[in-house]
Amino acid sequence: MYDFLIVGAGLFGSIFAHEANKAGKRVLVIDKRSHIAGNIYTENMDGIQVHKYGAHIFHTNNKKVWDYVNQFAEFNRYTNSPVAVYKDELYNLPFNMNTFSRMWGVKTPEEAKNKIDEQVKEAGIKEPQNLEEQAISMVGKDIYEKLIEGYTGKQWGRPCRELPSFIIKRLPVRFTYDNNYFNDRYQGIPTGGYTQIIERMLEGVEVKLNTDFFEQKEELMKQAEKVVFTGMIDEYFDYCYGELEYRSLRFETEKLDVDNYQGNAVVNYTEYDVPYTRIIEHKHFEFLCQGEKSGSVQGTVITREYPSDWQKGDEPYYPMNDNRNNKLYAKYKKLAEQEANVIFGGRLGMYKYYDMHNVVEEALNTVDKCLN
Ligand code: FAD
Ligand code: UDP
Numbered sequence: 065m066y067d068f069l070i071v072g073a074g075l076f077g078s079i080f081a082h083e084a085n086k087a088g089k090r091v092l093v094i095d096k097r098s099h100i101a102g103n104i105y106t107e108n109m110d111g112i113q114v115h116k117y118g119a120h121i122f123h124t125n126n127k128k129v130w131d132y133v134n135q136f137a138e139f140n141r142y143t144n145s146p147v148a149v150y151k152d153e154l155y156n157l158p159f160n161m162n163t164f165s166r167m168w169g170v171k172t173p174e175e176a177k178n179k180i181d182e183q184v185k186e187a188g189i190k191e192p193q194n195l196e197e198q199a200i201s202m203v204g205k206d207i208y209e210k211l212i213e214g215y216t217g218k219q220w221g222r223p224c225r226e227l228p229s230f231i232i233k234r235l236p237v238r239f240t241y242d243n244n245y246f247n248d249r250y251q252g253i254p255t256g257g258y259t260q261i262i263e264r265m266l267e268g269v270e271v272k273l274n275t276d277f278f279e280q281k282e283e284l285m286k287q288a289e290k291v292v293f294t295g296m297i298d299e300y301f302d303y304c305y306g307e308l309e310y311r312s313l314r315f316e317t318e319k320l321d322v323d324n325y326q327g328n329a330v331v332n333y334t335e336y337d338v339p340y341t342r343i344i345e346h347k348h349f350e351f352l353c354q355g356e357k358s359g360s361v362q363g364t365v366i367t368r369e370y371p372s373d374w375q376k377g378d379e380p381y382y383p384m385n386d387n388r389n390n391k392l393y394a395k396y397k398k399l400a401e402q403e404a405n406v407i408f409g410g411r412l413g414m415y416k417y418y419d420m421h422n423v424v425e426e427a428l429n430t431v432d433k434c435l436n
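In my numbering, the protein residues as written are 65 to 436.
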């Protein structure tokens with residue numbers, strides 16, 4: 065018998081397991097994958113930590129969250145500053161003076177603001193109603209057309225007019241020459257990868273891999289007082305109100321016999337006609353082409369990220385948090401509240417476009433409530 069059966073050895077499930085185990089509870093963690101760490105899983109390939117499920121950069125403004133994750137690994141000083149390629153043009157991200165200067169030849173913040181104001185006025189947008197209008201009102205039409213429209217259309221499988229504004233509000237717009245993709249006070253990548261963080265969290269906890277909850281739901285539930293479920297909430301309820309929508313991805317990883325393929329960890333391809341959204345070159349997350357580490361590793365590893373429609377059986381990487389799906393989720397949430405012995409957590413259990421820091425915060429709050 066266990067106090068907690070935790071479904072999912074990702075970040076949410078593992079924090080819950082770690083804290084519950086520390087408090088003396090009997091815990092079993094299961095995961096249907098063959099490895100722990102969920103989507104933050106990293107794997108050493110010939111000396112390079114490869115982010116197997118897409119680039120993961122930890123960032124937060126919350127000191128408690130930062131201190132918490134730093135217990136499990138040392139973080140480097142990586143600052144995300146992707147480059148965007150549109151046809152034969154190259155721009156810095158997020159949208160900042162470097163982007164504006166390259167786009168329009170402007171030099172000062174005032175010139176950039178005037179250019180954007182002009183384009184917003186021309187578009188006649190007062191209160192943005194969708195992602196397209198939101199984007200144009202933030203950065204003007206030129207940047208929207210070259211850096212946002214195609215990328216977003218590929219990523220979400222829908223035109224920007226049919227997408228909620230909040231997605232583009234994730235990105236900073238600033239009138240300084242600063243290419244930092246995030247505004248948060250703390251940022252970095254764990255030296256030695258993310259998997260070790262989860263390994264340390266799960267030290268002393270029983271873990272069963274290759275175990276799908278739904279294949280033995282009844283038996284598993286009988287073994288524990290409470291279940292912490294971090295899989296898809298609609299699947300848990302057998303899609304009784306219908307399917308929530310997700311976006312999936314296909315990752316194509318290859319080892320190349322060159323030292324430095326693209327000079328940056330993240331390069332976005334913003335044209336609609338290029339089928340992938342970004343190429344990640346993993347060694348740049350660890351500065352393996354710089355300073356004393358330069359030449360320490362042979363070759364490089366890159367991953368192309370191809371967005372795709374989600375169908376049952378695919379990995380549901382992104383929840384699609386538009387109005388229709390949020391309403392449907394609200395119905396599942398009501399059902400979840402009636403399941404006295406099941407706690408729903410994480411990106412899929414809560415159907416939210418959560419970053420890692422959000423998940424750490426949610427998991428710590430949830431386990432705290434549960435244990436006290
Ligand atoms: P998951 O990592 O999805 O873990 C859930 C686990 O449950 C999985 O291991 C799954 O196999 C298991 N599971 C599901 N159903 C079952 C079942 N029926 N039976 C058994 N096991 C089951 N965040 C950032 O902060 N910075 C970034 O740069 C960043 N980049 C990202 C890039 C991509 C491409 C993606 C997809 C996400 C990114 N994120 C990033 C978000 C980050 O991955 C999540 O916030 C975090 O991993 C969520 O943790 P979780 O435990 O909720 O979910
Ligand atoms: N985005 C874009 N062009 C880019 C990068 C991002 O239009 O070059 C938009 C796109 O809609 C994306 C959103 O901004 O879904 C949020 O980007 P973020 O990098 O936060 O996405 P994630 O890393 O979660 O995939």
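From the three backbone atoms N, C-alpha and C, an ideal C-beta is built for every residue, glycine too.
Quick caveat, the model's predicted, so the values are computed rather than measured.
Residue burial is scored here from C-beta neighbours: G413 has at least 16 other C-beta atoms within 10 angstroms and is therefore classed as buried. Following the DSSP letters along the chain, one finds D131 inside the alpha helix (DSSP H) bounded by residues 127-134. Annotated three-state conformation of P371 is strand, per DSSP.
DSSP lists Y155, N332 as the bridge partner or partners of A148. Between N243 and R314, the alpha-carbon positions lie close to 28 Å from each other. About 17 Å separates the CB atoms of F277 and L266; that is not less than 8 Å, and the two are not in contact.
Bridge partners of G252 according to DSSP: F122. In the displayed model, Y66 falls within a strand according to three-state DSSP. Per DSSP, reduced to three states, the secondary structure at E213 is helical. Taken through DSSP and simplified to helix, strand or coil, Y415 comes out as coil. Counting along the chain, M285 sits inside the alpha helix (DSSP H) bounded by residues 281-286. In the structure shown, the three-state DSSP call for N160 is coil. Judged by the Cβ position, V361 fails to qualify as a neighbour of the ligand FAD at the 7 Å threshold, every heavy atom of the ligand being at least this far. The beta carbons of Y325 and I366 sit closer together than 8 Å. The beta carbon of L392 sits closer than 7 Å to those of Y305, G306, L308, all from its chain and outside the five residues before and after it, given in chain order. For V93, the enclosing beta strand (DSSP E) stretches over residues 91-94. The residues E175, A176, K179, D206, in chain order, have a CB closer than 8 Å to that of W168 in the same chain once the five nearest residues on each side in sequence are set aside. Short note on Y215: C-beta closer than 7 Å to some heavy atom of the ligand UDP. The C-beta separation of N385 from K416 comes to about 7 Å, placing the pair in contact by the 8 Å criterion. By the 16-neighbour rule on beta-carbons within 10 angstroms, Y258 is buried. In this structure the segment 82-100 does not lie against the segment 246-254, because fewer than three pairs of beta carbons, one per stretch, are closer than 8 Å.
Excluding the 5 residues flanking it on each side, V322 has same chain C-beta neighbours closer than 8 Å at G363, T364, in chain order.
M384 carries a coil assignment under DSSP once its states are collapsed to helix, strand and coil.
For N108, DSSP records a beta bridge to Q113. Under the DSSP definition of a beta bridge, V291 partners with L69, V406. Residues I261, R264, M265 of the same chain have their beta carbon placed closer than 7 Å to that of F136, with the five preceding and five following residues left out of the count. Judged by the Cβ position, K272 fails to qualify as a neighbour of the ligand FAD at the 7 Å threshold, every heavy atom of the ligand being at least this far. When distances are taken from the beta-carbon of Q354 to the heavy atoms of the ligand UDP, even the shortest one reaches 7 Å or more.
Relative to the non-hydrogen atoms of the ligand UDP, the Cβ of A329 never comes closer than 7 Å to any of them. Here the distance from the Cβ of L75 to the nearest heavy atom of the ligand FAD is below 7 Å. Cβ atoms of I79 and V431 come within 8 Å of each other, at about 7 Å.
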